[in-house]
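Residue numbers for the sequence shown, in numbering that gives the first Met the number 0: 0 to 150.
For glycine and all other residues, C-beta sits at the position ideal for the given N, C-alpha and C.
Data block below; observations after.
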Amino acid sequence: MKSIENNFDDPNVNDLLVKHFKELRSVSPEGSTHVLDIPGLKDPSIKFWSLWDGDKLVGCGALKSLESEHGEFKSIRVADKYRKSGMGEKIISHLIDQAKQIGIKKLSIETGAGDFFAPARKLFKKFGFEECKPFAHYKEDPNSCYYSLNI
């Protein structure tokens with residue numbers, strides 16, 4: 000599996016991200032949607048990777064620097080044809096490895112509280128993420144769940 004950094008202009012990556020934005024916005028109440036669009040992902044505080052199996056896009060994920068040793072996962076998405084095949088674990092493992100390489104000691108994530116987000120919550124817990132209070136700019140919200148992991 001190879002990873003490519005910041006390749007937003009690749010049509011496959013662009014299509015996956017647009018689908019991700021639309022789907023998350025459709026299942027999250029207004030005011031509780033924290034997904035970043037492509038311009039948001041291009042912020043200098045964010046590193047973004049797409050992961051590939053040969054020439055097939057497996058998925059993507061991003062790491063936002065919050066503080067010198069605290070990062071946040073953003074826009075983790077597995078391409079539909081790779082769902083339920085363990086690729087979500089590979090993406091998260093890749094992001095954790097990248098975080099360690101740049102000196103991140105704590106990772107956090109916000110995800111939805113609804114049924115649609117249950118697989119994501121289960122996956123984060125599998126990696127040892129534990130529920131936490133809202134971090135960074137987030138506020139208490141019954142539609143959001145917050146997790147963190149010391150690495």
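With respect to the 8 Å criterion, residue 47 and residue 36 are not classified as neighbours on the basis of their beta carbons. For the pair of segments examined, the stretch 78-92 was found not to touch the stretch 27-44: the number of CB pairs separated by less than 8 Å stays below three.
Per DSSP, reduced to three states, the secondary structure at residue 149 is strand. Selection 133, 11, 126, 132 evaluated against residue 148 yields 126 as nearest (Cα-Cα). For residue 6, the CB contacts under 7 Å within the same chain, skipping 5 residues up- and downstream, are 12, 49 in chain order.
Around the CB of residue 101, fewer than 16 other CB atoms lie within 10 Å, so the residue is classed as exposed.
When C-alpha distances from residue 71 are compared across 123, 23, 83, 28, the shortest belongs to 123.
Residue 128 has its alpha-carbon roughly 17 Å from the corresponding atom of residue 74. For the pair residue 32 and residue 63, the Cα-to-Cα distance works out to about 17 Å.
Between the alpha carbons of residue 130 and residue 113 lies a distance of about 15 Å.
Residue 15 is positioned such that its CB atom lies closer than 8 Å to that of residue 56. Within the same chain, and ignoring the five residues on either side of residue 26 in sequence, the residues whose Cβ sits closer than 6 Å to its Cβ are 115. Residue pairing from DSSP leaves residue 67 without any beta-bridge partner. For residue 1, no alpha helix (DSSP H) segment is defined; the enclosing uninterrupted segment is the beta strand (DSSP E) at 1-4.
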